[in-house]
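**Q** In my numbering, the protein residues as written are 25 to 176.
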Amino acid sequence: MTSDEIPYSAGAKPKHVAIIMDGNNRWAKARNLPGVAGHKAGVESVRSVVETCARQGVEVLTLFAFSSENWRRPEDEVGALMRLFLLALQREVRKLHKNNIRLKIIGDRQKFSRLLQQHMLKAEKLTENNTRMTLVIAANYGGHWDIVQATR
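1. Looking at the unbroken beta strand (DSSP E) that takes in phenylalanine 88, where does it start and where does it end?
2. Between threonine 151 and leucine 120, how many whole angstroms is the CB-CB distance? I'm expecting something under 8 Å.
3. Whole-angstrom Cβ separation of asparagine 164 and arginine 118, contact assumed at under 8 Å?
4. Taking the alpha carbon of lysine 85 as the point to measure from, which residue in Ala112, Gly35, Lys128, Lys53 has its own alpha carbon closest?
5. I'd like to know whether the C-beta atoms of leucine 140 and methionine 106 end up nearer to each other than 9 Å.
6. Is cysteine 91 buried or exposed, if buried means 16 or more other CB atoms sit within 10 Å of its CB?
7. Report yes if the CB atom of serine 104 is closer than 9 Å to the CB atom of valine 70, and no otherwise.
8. Mind checking alanine 54: buried by the 16 CB within 10 Å criterion, or exposed?
9. Between which residues of its own chain and alanine 147 is the CB-CB distance below 6 Å, once the five residues before and five after are set aside?
10. How is the beta strand (DSSP E) around arginine 126 delimited, first residue to last?
11. From the DSSP output, which residues share a beta bridge with histidine 40?
12. Spatial neighbours of methionine 25 within its chain, please: CB distance less than 6 Å, with the 5 preceding and 5 following residues excluded, ordered by chain position.
13. How would you call histidine 40, buried or exposed, if buried means at least 16 neighbouring beta carbons within 10 angstroms?
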């Protein structure tokens, strides 16, 4: 096998990075904090990961942020997550646009509030022509949804 046949070398940078965001509740509970504190800390981690990936030349960063199974969490936690998602969209989209990062949200949007759906569309529209990196947020995304989409 020659070096040009090797699919990955030590110096190569990935074109696509995918992260399953998990453990925010455990992080908060280990610090005797409410679960939502962990999710807020997670937003800071996301910001850092996005900046690092963009700086390193990653073409696509996919964050699995809210699976379809997360709707089974306590109602107050789901509500807090939805408010945090909306707040993050409102605060971060301009920064993404300023840094030439495209935002794409995948998953079944029907269960999200009309307001949140509107902000998703607005954010995607604002950033649709950006070329530095694509940030994909998988929200209300799961294996069942993925299979249905693939068959369509």
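Backbone N, C-alpha and C fix where the C-beta goes; we use that ideal spot for every residue, glycine too.
**A** Concretely, from the data shown:
1. 84 to 91
2. 6 Å
3. 24 Å between Cβ atoms; not a contact.
4. Position check: residue 85 holds leucine in this sequence, whereas lysine was assumed. The residue with the shortest Cα to Cα distance from leucine 85 is Lys128.
5. Yes.
6. Here the sequence assigns serine to residue 91, which means cysteine is not the residue at that position. Counting Cβ neighbours within 10 Å, serine 91 comes out buried, since at least 16 surround it.
7. Correcting the residue identity first, residue 104 is alanine in this sequence and not serine. Their beta carbons are not under 9 Å apart, which means alanine 104 does not touch valine 70 by this criterion.
8. exposed
9. Leu113, Val117, Leu127
10. Under the DSSP assignment, arginine 126 falls in the beta strand (DSSP E) whose first and last residues are 125 to 130.
11. Val84
12. Since pLDDT at methionine 25 reaches only 46, below the 50 mark, its modelled position is unreliable, and the value read off the structure follows with that caveat. None.
13. exposed
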